[in-house]
Amino acid sequence: MFEVRKSIKRFRDDPAWTYHRRNRDYLNTFNHDGYPFSLGPDGLSLRNLLQGSLHGREVSLFHLQAVKRSGRAHVAWPYSVAVLPLPRALPATAFTSRGLAPSGRQKRPALPRTPGWFRDLKEIGTRVVQRHSEDVDFAELINTAALERLMHKAQLGWRIEGNRMIGWTYGRKTYEDLLSLAETVASIIDGFPEQAWHWPQQ
């Protein structure tokens, strides 16, 4: 925890980054019915939002507390999130390392059910990654063994929401670790085949 606080201070004091301790307006730009936001059915709290640039890309980094209540008690699961822009909107798709979906949280939706339905794609790839998409063909196009190995090793989940990619992992990480997460998400985006960027609009 001490290392996380030190990390926040380093980035907060760096003029290359814009810092907000809390930012509800930014949190509300996301659809909360998809990962990782859906993992907090009884409340969400965004903290320590840092916004800046990573290799010429806009990037937003933050900690997310996802709350689940049970009677008078409640638990708050911590997540670390990196958000990067995409060159264009792509089909709603979520790939999640299985280690990020323990049994108590598996039933939360990976993707919003609006504007359309999505499928749990068990027929492609391996069991180390869960895949959901509103467009099965698109998910098959971008799914590779190398991508699955990378996600499994990094214990990473990501979700496409319009023209941005939301990458996330469990725990309250340092911002150096969050930058590493953002770089991994950027490498996933850059690894999409050229055909993905010409995919028909829904």
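Residue numbering for the sequence shown follows the working numbering, starting at 33 and increasing by one per position.
We put the CB at the ideal spot given by N, CA and C, even for glycine.
Return the residue from the list the options that minimises the CA-CA distance to residue i.
i, options, result
"K126", "D209, Q233 and G194", "This sequence places Ala at residue 126; Lys is not what is there. Closest option to A126, Cα to Cα, is G194."
"I220", "G199, T206 and E208", "G199"
"W49", "R37, D74 and L86", "L86"
"A214", "W231, F170, P117 and A105", "P117"
"P47", "L71, K38 and G84", "G84"
"H162", "G189, L182 and D169", "Correcting the residue identity first, residue 162 is Gln in this sequence and not His. Per the Cα distances, G189."
"I40", "Y111, P232, H106 and L210", "L210"
"M33", "R140, S129, G203 and A228", "G203"
"R140", "D57, W231, W229 and D74", "D74"
"G131", "V160, S92 and H52", "V160"
"R61", "R44, V115, W229 and E180", "A small correction: the amino acid at residue 61 is Thr; Arg does not occupy that position in the sequence shown. The residue with the shortest Cα to Cα distance from T61 is V115."
"W229", "R181, S212, F170 and V107", "F170"
"G72", "Q233, V168, L122 and W109", "W109"
"P232", "R56, R37 and A121", "A121"
Could you tell me whether any non-hydrogen atom of the ligand FAD is closer than 7 Å to the CB of residue i?
i, result
"H230", "With respect to the ligand FAD, the structure offers nothing, as it holds no ligand at all."
Please report the Cβ distance between residue i and residue j, rounded to the nearest whole angstrom; I am assuming they are in contact, meaning their Cβ atoms lie under 8 Å.
i, j, result
"L78", "R42", "With 8 Å as the limit, L78 and R42 do not qualify as a contact, their Cβ atoms being about 20 Å apart."
"Y207", "L81", "Not quite, the Cβ-Cβ distance comes to about 11 Å (not below 8 Å), so this is no contact."
"S112", "T201", "6 Å"
Within its chain, find whatever has a CB closer than 8 Å to the CB of residue i; leave out the 5 residues flanking it on each side and keep chain order.
i, result
"P225", "L173 and I174"
"L76", "L59, H64, F69, L96, Q97, A98 and V99"
"L143", "D65, G66, Y67, A124, T125, A126, F150, H164, S165, E166 and R191"
"A178", "G223"
"L182", "L188, T216, S219 and I220"
Strictly by DSSP, which residues pair up with residue i?
i, result
"R140", "Answer by DSSP bridge pairing: none, since R140 is not bridged."
"S212", "Paired residue(s): none; S212 is not in a bridge."
"R191", "A126 and I198"
"G84", "V91"
"Y7", "Outside the displayed range of the chain (33 to 234) lies residue 7, so it cannot be described from this structure."
"Y111", "L96 and Y202"
"S39", "None, per the DSSP bridge assignment."
"Q162", "T128"
Spatial neighbours of residue i within its chain, please: C-beta separation below 7 Å, excluding the five flanking residues on both sides.
i, result
"G88", "none"
"Q227", "L173"
Take the Cβ of residue i as the centre, count every other Cβ of all protein chains shown within 10 Å, and call the residue buried at 16 or more, exposed below.
i, result
"E248", "The displayed coordinates of the chain run from 33 to 234. Any statement about residue 248 would go beyond what the structure contains."
"M197", "buried"
"A218", "buried"
"Q138", "Confidence in Q138 is poor, its pLDDT being 48 and thus under 50, which makes the residue's placement unreliable; the coordinate value appears in the next sentence. Burial call: exposed."
"T128", "buried"
Skipping 5 residues on each side, what residues in its chain have a beta carbon closer than 6 Å to that of residue i?
i, result
"A186", "T216"
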